[in-house]
Structures are given as C-alpha cells and as structure tokens.
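Visitor: Questions regarding the structure given below will be posed in turn.
Residue numbers (the numbering used here): 478 to 773.
Here you go:
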C-alpha cells in the first residue's frame, strides 16, 4: 500500500521533578498540561517523572490533566522507572515516559537499562549508601496512519562527567542507545528519539547520534541557538531566564525509501506563566523541543 503523506508532531520535555522538594509541582504540571493540550503533539517524550507518596504519580497526573483539556482521541502514557530508593513515605522511583494519541503498534513496550552507569554514593556515619542515578531508554511503536508506523524512543542520559573504558559514560550510553535502536526498530519505519542528553551539540555524545544517520532536527530546521537550559540553574519564580546551553534534543531518522519534510521546530514552554498573585512561575528548568514533520 502506498503511504499518503502524514503529519507527525513530536515533543520532548524534561518535567523537572525537583526531588525531594517538589516545589509547586502540581501547579507546574497544570501549566505543562495546558501547553500540551494547546499544541496537541502526536507523541510526547517525558523525562524526570517521579512516583512517590509525597508527590504522587507525576505521569498519571499529567496525562489526566491533558485529557481533561483535549477533545478527540485521549492520550495514553506508558512509564518506565529508571531508578529509585527509600522505604515507606520516603520511597520513590524516577523514570521516563512516552505519551501519545496514536494507537500502539503490535510491538510491546521495551526498555533498555544502560550497561554504562555512574555509581554515586554518600557516606553517613561510616556507612556508604548508593544514590540513584541509573539511566534507561524506552521504546514504543505507534500507528500514525494505516500505512505508516513510527518507532519512538525517549531517554535521559547521565549528567555526570565520569569516564569508563576510556570514554565518558554519557558517550557510552549514546552508543548503547544507537545499537538498541538498530535492533528494535523496523528498518522501514521512521524513528524519533527525544530526551535530555545532558550534552551540547558539538559533543561526542551528540555526534554519536548524528554520525549514525540521525538528524538533529533543531540543527536542520530550527532557529539558533535554541538553548533549552541554564547551566547555572533557573530560578523557577524569576521573570526572565538566561538559557545558555542546548542539551534537549529531537533526533529523526527516516525509514527506508521514505520522503519527509521537517516543517518546523520550536521551543516549548520557554516563557514563564504569569500567576494570579502577581508572581512568575516556570513549568520546568528546561525548555522542551517541539518538532512538526511530514512523513510520506
């Protein structure tokens, strides 16, 4: 069957859980949900989703808030925990998720736990305790049209600069990701990867993706510089931001014999919300990246 051109929109966004304080988290989720409902991306790749007795299930809350604001097909969210810690009221896990209005393909949800990880520990009272930092990637296949299926991935690479096997752990994770994508995607399907890669465009981490045939959609069609984060951290209640690094990406690889057009790329939630009490509030300490593509 010949594929008619189909529009596809893909958003990546780091929600910034702000664990363990969870500052104004419910309100920030409301701001995020309203923005997603306004844009209605077909697929959303989410990072820093936490589930805990203190904050509840961030992913479920967000998905419910979005669906209350949208007509038509509902969004469905699939979450994968990367790491966690604690017991009782202090127990939590944190991970990534994919949320979409598209039907799922026949392939099951798949998760990759990277072999390359950073071990973080703290010593208290002479006892060493492991701190969570394990990282993963997640894969789902979606039916965009009856003739076009798409392989979608989300990941959140480590923000630490440790090395292993004579290479930065972040680069090793990127290499594992590419190998896994090659094994789990259909060679005829377009592939989209969204996530917080914690590295800049000229880094070996990003070059691992682009050198493997993936298109950095912002570099291809966005407006420079496209900064998504402030390396000095963003004050959530500041009226202005000073972003100075691009570390959040959408990567795209067209399927075999597929035509495509990157129609637009834009930042998402790159302005603060004016709150009723006169304060300002940012949805996250990251800006998202929203890409619109035409697939054929």
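Built from N, CA and C at the ideal position, the CB exists for glycine as well.
So residue 501 is in the beta strand (DSSP E); what residue range does that whole segment cover?
Guide: By one-based count along the chain shown, residue 501 stands at place 24. That residue, residue 501, is in no beta strand (DSSP E); it is neither H nor E in DSSP.
Visitor: Bridge partners of residue 624, per DSSP?
Guide: Within the chain shown, residue 624 is the residue found at index 147, counting from 1. Partner(s): none; residue 624 has no beta bridge.
Visitor: The beta strand (DSSP E) that contains residue 654, what's its start and end?
Guide: Position 177 of the chain shown, counting from 1, holds the residue named residue 654. No beta strand (DSSP E) holds residue 654; the alpha helix (DSSP H) holding it covers 646-661.
Visitor: Please classify residue 656 as buried or exposed, where buried requires at least 16 neighbouring CB atoms within 10 angstroms.
Guide: Reading the chain shown from its first residue, position 179 is the one you call residue 656. With fewer than 16 other Cβ atoms within 10 Å, it is exposed.
Visitor: Using beta-carbon positions only, say whether residue 488 and residue 538 come within less than 9 Å of one another.
Guide: On the chain shown, residue 488 is found 11 positions in, with the first residue counted as 1. On the chain shown, residue 538 is found 61 positions in, with the first residue counted as 1. The answer is no: Cβ separation not under 9 Å.
Visitor: Is the region 695-706 touching the region 639-647, taking contact as three or more C-beta pairs under 8 Å?
Guide: no
Visitor: Inspect the CB distances between the region 564-577 and the region 604-619 and report whether three or more fall short of 8 Å.
Guide: yes
Visitor: Would you kindly work out how many angstroms separate the C-alpha atoms of residue 525 and residue 632, rounded to a whole number?
Guide: Counting from 1 along the chain shown, the entry for residue 525 is found at position 48. Counting from 1 along the chain shown, the entry for residue 632 is found at position 155. Near 10 Å, if we compare the C-alpha coordinates of residue 632 and residue 525.
Visitor: Just curious, the beta strand (DSSP E) that residue 590 is in, first and last residue?
Guide: Along the chain shown, one-based indexing puts residue 590 at 113. 587-590 is the extent of the beta strand (DSSP E) around residue 590.
Visitor: Would you mind working out which of 683, 720, 751 and 762 sits nearest residue 727, comparing C-alpha positions?
Guide: Position 250 of the chain shown, counted from the start, is the residue given in the question as residue 727. Here the closest residue by C-alpha is 683.
Visitor: Start and end of the beta strand (DSSP E) containing residue 483?
Guide: In the chain shown, residue 483 corresponds to position 6, counting from 1. Segment 483-491, the beta strand (DSSP E) holding residue 483.
Visitor: Determine, using beta carbons only, whether residue 712 and residue 764 come nearer to each other than 9 Å.
Guide: For the purposes of this step, residue 712 is taken as residue 235 along the chain shown, with counting starting at 1. For the purposes of this step, residue 764 is taken as residue 287 along the chain shown, with counting starting at 1. No, these two residues do not count as a Cβ contact at 9 Å.
Visitor: Can you give me the C-alpha to C-alpha distance between residue 744 and residue 769, rounded to a whole angstrom?
Guide: Taking the chain shown and counting its residues from 1, one reaches residue 744 at position 267. Taking the chain shown and counting its residues from 1, one reaches residue 769 at position 292. Rounded to whole angstroms, the separation of the alpha carbons of residue 769 and residue 744 is 12 Å.
Visitor: Please determine if the region 539-557 and the region 591-598 are in contact, where contact requires at least 3 C-beta pairs separated by less than 8 Å.
Guide: no
Visitor: Hey, out of 662, 500 and 773, whose CA is closest to residue 582's CA?
Guide: By 1-based counting over the chain shown, the position of residue 582 is 105. Ranking 662, 500 and 773 by Cα distance to residue 582 puts 662 first.
Visitor: Counting only the same chain and skipping the five closest in sequence on each side, list residues whose C-beta sits under 7 Å from that of residue 697.
Guide: Working through the chain shown from its first residue, we reach residue 697 at position 220. So the list reads 739, once near-sequence residues are dropped.
Visitor: Closer than 7 Å by C-beta to residue 641: which residues in its own chain qualify, once you throw out the five before and the five after it? Chain order, please.
Guide: To locate residue 641, count along the chain shown from 1; it is residue 164. 593 and 649.
Visitor: How is residue 594 classed by DSSP in three states: helix, strand or coil?
Guide: As a position in the chain shown, residue 594 is number 117, starting the count at 1. Looking at residue 594 - three-state DSSP - the assignment turns out to be coil, as it is neither helix nor strand.
Visitor: List the whole-angstrom C-beta distance separating residue 621 from residue 485, where the pair is believed to meet the contact cut-off of C-beta under 8 Å.
Guide: Position 144 of the chain shown holds residue 621. Position 8 of the chain shown holds residue 485. Taking 8 Å as the upper bound for CB-CB distance, residue 621 and residue 485 are in contact here, some 6 Å apart.
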